[in-house]
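In order, the protein sequence lines correspond to chains A and B.
With this note's numbering, the residue at position 171 of the first sequence is 1546, and numbering never jumps.
With this note's numbering, the residue at position 328 of the second sequence is 336, and numbering never jumps.
All C-beta atoms in this analysis are idealised placements derived from N, C-alpha and C, irrespective of residue type, glycine included.
Since the structure is predicted, the reported quantities are computational estimates derived from the model, not experimental observations.
Worksheet: one structure, shown below.
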Amino acid sequence: MNFDFSAEQYMFQDSVRAYLADAWSVARLRRLMEGDGFDATLWHGLTDLGLLSILVPEEHGGMGLSFVDLALVFEECGRALVPGPAVETMIATDVLARFGTQEQKAALLPGIATGRIKVVPAVVEADGGSDPAEVETIASDAAGGWVLNGRKILVPYAGLADKLLVSARFGATAALGLALVDPTRAGLTLRPQALFDPSSRACEVIFDNVAIGSEDVVGAAPIAASVDRVVDAGAMAAAAQMTGIAARMLDLAVDYAAQRVQFGRPIGSFQAIKHRCADMMVQVETSRTAAYYAAWALSCDAPEAVQAVSMAKAYCGDAARFVCNEALQIHGGVGFAWDLDLHFYLRRAKTLEYSFGDASAHRERVLSAALAAREAA
Amino acid sequence: MDFNFSPEDDAFRHEARAWISASLPEGWGRTVHEPEDETERYMSRLGWEKKLFHGGWAGIAWPKEYGGRGATLVEQAILAEELARAGAPEGLNIIGHNLTAPTLMHNGTEAQRRRFLPKILSSEEVWCQGFSEPNAGSDLAAVRTTAVRDGDHFVVNGQKTWTSFAQYAQWCFMLVRTDTEAPKHKGISFLLVDMSTPGITVRPLRQISGESEFNETFFHDVRVPCENLVGGLNEGWKIAMTTLAHERGPEDALGRQIRFKRELGRLLDVAKTQKRGKRAAIDDPALRQKIASSVIEVELMRLNCLRSFSKMLQGKPLGPESSFQKLYWSHMAQRMYETALETLGPAAALGAGDPATPARGMFQTGFLQSRAFTIYSGTSEIQRNIIAERVLGMPK
Ligand SMILES: Cc1cc2nc3c(=O)[nH]c(=O)nc-3n(C[C@H](O)[C@H](O)[C@H](O)COP(=O)(O)OP(=O)(O)OC[C@H]3O[C@@H](n4cnc5c(N)ncnc54)[C@H](O)[C@@H]3O)c2cc1C
C-alpha cells in the first residue's frame, strides 16, 4: 500500500512542466482561436517527451506504462491548458490497447506512439445526456460488415483525427460497441461547432449510411465494456485536468493577491481573501487525492474502479467550479477582462466539467454502488 | 502507487477482523448499542479501549520498547478500516493516545516516556488537555495560568476551560505561564499534572448536545514536581505546536473516519426505510444527490489520510499542511449530519428519547456534536489563517 508516486513519476512530471513552461503559454493558446486549432510544434514536443507512447505497449513501440504514470501528466496538461487531441488520443490508446484486435493494434499503436496517428472518441450525442449507454447511433448488419447511421456532437478535433472511436448499437441485439471510423469515409459529414472554449475544436459528425467492415469494430465484435472504458478513462482524465486547472487558478489568485494593493495594503492580507484561498487549497488537495486514486483504480481494474472514477469526476468537477469562480472574483474587474488569461482556464474547466458525465450523474453512480454494497454486506 | 496489500498486510487484516468480531458483543450495532447514559457510555468506551490493549491492538504503531507492535502506518490504516467496518466504539483516552503519547515521544525525557507511555497504552491512565482558558482560546499564547517554581516543585494557579474528559482523567497536560515578563510565546511551559493533586476542582459544563464532555478546571496552589516539565522551561509553545499538529493530523482523522463511516452506513439504511409520502427517502432525487456527496466526501477523507500517511512513510514531516485535513473533515462531517437530518424529514424534530426516533436519535446527537468540529482543535478560521499564511505564503 503506497499512495504516492515514484521518484521517476515525479521527475517525468517535472520535465513535462518544464517543457510546457518553456514552450507553451496562454499567449500561444490564443493563436489557436484562428485556423485549425492545431499547434504542430507543441504536438512534436509532447511526442518527443514520450507522452503519446506511455500507454502504448512495448511490443508496439511504446513504453507499456499505465494511467498511474499519466495522472500527473494529465494534471500538467490541465495546468498548462494543453490543447487536444493529446489527452483524447491517450484515452483512445488505452481502449485500443485493451480491446483492439492484434491487427488494429499493429495498425494504429506504433503510429500513435510516434505522434503520426491521432484517434479521438466520438461518444456524445445531442439527446444522450451523461449515460454512455444512451446511444442512438446504429450499426446495422450488412454484407461483410456494418452500416452506420447517426449523429455525434462535440467530437474533439474530428477534422484532423485519423480515426474516430464511435460508440454505436450493433445489429439486431443492439449490442454496444465501438467502431473505428476514418473521418474521410463516404457518407460521413463533419460540421465544425462553435465552442464555449474557443481555443479548442470539435465537430458535429453525421453518419449517413457509412459502410464499415468487421475489422473496423474494436475487438472485431462489439464489446460493451470498451464503451464504458472510454467514458471512465475520459472522466478520470478530465478530473485530473480539472485538478491541474484548479491548482493553477489558485496559484494565480494567491500571486495576484500578494501584488494588488488597495487601502494601502496587499489584498492578500485581508482575511476574506486569505480564507477563500485556504478553502480553495483544501479542495485542490482533495481533488488530487480523488484524481490520483481514480487513475490507480483504472490502471489495475480495481473492483472499486467505477466508484473511484465517479468520485473523482464529481468531486473534482465541483472543486474546479468553486476554485475557478473564486479565483476570478479575487482578481476583481481585471478578472473579467478578455485580455487576462483567466477565462481560458475557466472555459476549459467548464467544458471538462460537463464532459464524460457531469457531477450529478457521477454522484448517482456512486450512490447506487454504495447502496448495493450495503445490501451485500 | 499501489493500493494492493501485501500478503503480510492481508494476514494482518484477517487477524484484526477475526479479533474484532470475536471481541464485540453479539449483535453489536444491530441489537446491542452503546449505553444511553453518558457516564456509562464513557465507561463502556474505556472498557473497549482496555480490551483492545489486552488483545494487543492498542498503539500498534508505537515502538516495541514502549509496548507497541512497531506496526507500519499501513497496518494502522488497516486496523482503522476494520474497526470502521465493524462499527466499533470510540475510546475514552483519545487525548492520551493521540496527543500525549506523540508529544512525549518527540519531546519527553526517557524517564517521562517510561513513566507515562505504558499506562496510556493500557488506558489505565486517561488524559485531558489543559490548553484553553476563558481568555485564551484561538489566541492560545495568551494563557494566564501561572506556574511558579518552589524548590523541586511548580505551584500552579489559574483556570482552564472546555477541558474535555477532565472528570474521567487521571492526568492533564497543560500550558502554563512561567515567565510573565517575556513576550507571550516565550514565557510558556508544558506541564504534566496529576489530576488527584490537592487544589484541582473540575466542574462539568453542559454542552449543546446535552452531554457534559467538557469542564471548567480550576487550579489553586497545585504542586507539580519539576520532573513533570516537558522540554525546557519557557519552551512550551514549540511543544504545543507538535501536539496541535497531531491533533489536526491524519492519524486523528483516520480514527474519526471510523465513526463517520459507521454513521453514514446507518444513514443509508435509514434513507431506505424512512418514508416520504409513498416513497422511501432514498428515492427522492434531490436527497440522493446530497447523500451521494457524503458517500464521496467520507471516502475522500480516508484517502486524504492515506496520502498523508504515504508522505510520512517516506519520512516527510507533518507540517502546517496537516491543517487541510482538519478543515476538510470538519466541514464535510457537518454537511453529512445536515443531510442526515434532512433524510429524517419531520422526524428530525424528535428527541433521542422518543420511541419513534429513527436510529435512536443518533443523527440529532451527531448533528449537535458536529457543530463543535469546526471549533475545537483550532477553529476553521484559525486553520484558514495557518493555511493562507504558512502554506500559501500570503501576506500577514
Ligand atoms: C467540544 C469542545 C471540546 C473542547 N475540548 C478542549 C480540550 O479538551 N482542551 C482545551 O484546551 N480546549 C478544548 N476546547 C476549546 C477549543 O480549543 C476552543 O474553543 C477554540 O480554540 C476556540 O477558542 P474560543 O472558544 O475561546 O473562541 P474564540 O477564540 O474567542 O473565537 C470566537 C470566534 O472568533 C474567531 N476568531 C478568533 N480569532 C480569530 C482570528 N485571528 N481570525 C479570524 N477569526 C478569529 C473564531 O474562529 C471563532 O469563530 C474544546 C472546545 C469544544 C467546543
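Could you tell me which residues DSSP pairs with residue i in its beta bridges?
| i | result |
| --- | --- |
| residue 10 (chain B) | A:1377 |
| residue 161 (chain B) | B:158, B:233 |
| residue 227 (chain B) | B:166, B:208 |
| residue 1494 (chain A) | A:1538 |
| residue 1525 (chain A) | A:1582 |
| residue 197 (chain B) | B:184 |
| residue 1516 (chain A) | A:1521 |
| residue 283 (chain B) | B:288 |
| residue 1531 (chain A) | A:1577 |
| residue 136 (chain B) | B:180 |
| residue 36 (chain B) | B:40 |
What residues from chain A crowd round residue i, counting only those whose CB sits closer than 8 Å?
| i | result |
| --- | --- |
| residue 344 (chain B) | Going along chain A, no residue has its Cβ under 8 Å from residue 344 (chain B), so there is no contact; the nearest lies around 13 Å. |
| residue 322 (chain B) | 1379 |
| residue 127 (chain B) | The contacting residues do not exist; residue 127 (chain B) stays about 32 Å from chain A at best. |
| residue 319 (chain B) | 1379 |
Mind listing the chain B neighbours of residue i? Cutoff is C-beta to C-beta under 9 Å, in chain order.
| i | result |
| --- | --- |
| residue 1690 (chain A) | 301, 304, 305, 308 |
| residue 1713 (chain A) | By Cβ distance, chain B contributes nothing, its closest Cβ being about 28 Å from residue 1713 (chain A), past 9 Å. |
| residue 1667 (chain A) | 9, 311, 315 |
Going by C-alpha distance, which of the options is nearest residue i?
| i | options | result |
| --- | --- | --- |
| residue 354 (chain B) | B:366, B:180, B:344, B:345 | B:366 |
| residue 383 (chain B) | B:71, B:146, B:54 | B:146 |
| residue 289 (chain B) | B:348, B:263, B:335 | B:348 |
| residue 102 (chain B) | B:20, B:172, B:223, B:96 | B:172 |
| residue 1391 (chain A) | A:1415, A:1404, A:1671, A:1420 | A:1420 |
| residue 9 (chain B) | A:1666, A:1685, A:1738 | A:1666 |
| residue 343 (chain B) | B:270, B:216, B:319, B:381 | B:381 |
| residue 1748 (chain A) | A:1679, A:1509, A:1436 | A:1679 |
| residue 215 (chain B) | B:379, B:286, B:19 | B:379 |
| residue 260 (chain B) | B:108, B:18, B:53 | B:108 |
| residue 1671 (chain A) | A:1474, A:1714, A:1437, A:1615 | A:1615 |
| residue 1663 (chain A) | A:1688, A:1648, A:1736, A:1708 | A:1688 |
| residue 377 (chain B) | B:282, B:221, B:251, B:389 | B:221 |
| residue 361 (chain B) | B:94, B:352, B:372 | B:372 |
| residue 1408 (chain A) | A:1504, A:1565, A:1563, A:1459 | A:1459 |
| residue 178 (chain B) | B:140, B:131, B:315 | B:131 |
| residue 242 (chain B) | B:71, B:184, B:249 | B:184 |
| residue 277 (chain B) | B:57, B:299, B:263 | B:299 |
| residue 1648 (chain A) | A:1618, A:1737, A:1657, A:1629 | A:1629 |
| residue 59 (chain B) | B:29, B:157, B:359 | B:29 |
| residue 1559 (chain A) | A:1553, A:1536, A:1567 | A:1536 |
| residue 127 (chain B) | B:104, B:148, B:144 | B:104 |
| residue 1532 (chain A) | A:1567, A:1434, A:1552, A:1512 | A:1567 |
Quick one: list the residues of chain B neighbouring residue i, beta-carbon separation under 7 Å, in chain order.
| i | result |
| --- | --- |
| residue 1657 (chain A) | 332, 335, 336 |
| residue 1742 (chain A) | 296, 299, 300, 303 |
| residue 1424 (chain A) | Simply none; closest approach about 21 Å. |
Going along chain A in order, which residues have a C-beta closer than 9 Å to the C-beta of residue i?
| i | result |
| --- | --- |
| residue 389 (chain B) | 1646, 1650 |
List, in chain order, every chain A residue whose beta-carbon is nearer than 7 Å to that of residue i.
| i | result |
| --- | --- |
| residue 370 (chain B) | The contacting residues do not exist; residue 370 (chain B) stays about 16 Å from chain A at best. |
| residue 403 (chain B) | 1633, 1641, 1643, 1644 |
| residue 35 (chain B) | Here the premise fails: no neighbours, minimum Cβ distance about 16 Å. |
| residue 82 (chain B) | 1376 |
| residue 283 (chain B) | Simply none; closest approach about 17 Å. |
Check the Cβ of residue i against every Cβ in chain B and list those closer than 8 Å, keeping chain order.
| i | result |
| --- | --- |
| residue 1654 (chain A) | 335, 392 |
| residue 1671 (chain A) | 9, 10, 11 |
| residue 1556 (chain A) | Going along chain B, no residue has its Cβ under 8 Å from residue 1556 (chain A), so there is no contact; the nearest lies around 35 Å. |
Anything in chain D within Cβ reach of residue i, meaning under 7 Å, just list it in chain order.
| i | result |
| --- | --- |
| residue 1661 (chain A) | Looking for chain D here will not work: the only protein chains present are A and B. |
>> Counting beta carbon pairs with one atom in the region 116 to 125 of chain B and one in the region 279 to 297 of chain B, are three or more of them shorter than 8 Å?
In response: Under the Cβ criterion (8 Å, minimum of three pairs), the region 279 to 297 of chain B does not count as touching the region 116 to 125 of chain B.
>> For the region 1689 to 1708 of chain A against the region 1575 to 1595 of chain A, do three or more pairs of beta-carbon atoms, one drawn from each stretch, fall closer than 8 Å, so that the two count as touching?
In response: no
> Contact between the region 315 to 325 of chain B and the region 263 to 271 of chain B: three or more CB pairs below 8 Å?
Replying inline: no
> Is the region 252 to 259 of chain B touching the region 224 to 244 of chain B in the sense that three or more CB pairs, one from each, lie closer than 8 Å?
Replying inline: no
> Would you call the region 1491 to 1498 of chain A and the region 1451 to 1458 of chain A in contact, with 3 or more CB pairs under 8 Å?
Replying inline: no
> Would the region 12 to 28 of chain B and the region 82 to 95 of chain B be scored as touching if the rule is three or more Cβ pairs under 8 Å?
Replying inline: The region 12 to 28 of chain B, when compared against the region 82 to 95 of chain B, does touch it at the 8 Å Cβ threshold.
> Are at least three pairs of beta-carbons, each pair with one atom in the region 330 to 341 of chain B and one in the region 1649 to 1657 of chain A, less than 8 Å apart?
Replying inline: yes
> Between the region 33 to 43 of chain B and the region 200 to 215 of chain B, do three or more beta carbon pairs fall short of 8 Å?
Replying inline: The region 33 to 43 of chain B is not in contact with the region 200 to 215 of chain B.
> Do the region 1381 to 1388 of chain A and the region 1398 to 1407 of chain A touch if we need at least three Cβ pairs shorter than 8 Å?
Replying inline: no
>> Three Cβ pairs or more, each shorter than 8 Å: is that satisfied between the region 1494 to 1504 of chain A and the region 1528 to 1547 of chain A?
In response: Counting Cβ pairs under 8 Å, three or more are found: they touch.
>> Tell me whether the region 44 to 63 of chain B and the region 1727 to 1744 of chain A touch, counting them as touching only if at least three CB pairs, one residue from each stretch, are closer than 8 Å.
In response: no
> Three or more beta-carbon pairs under 8 Å between the region 1409 to 1416 of chain A and the region 1432 to 1451 of chain A, yes or no?
Replying inline: no
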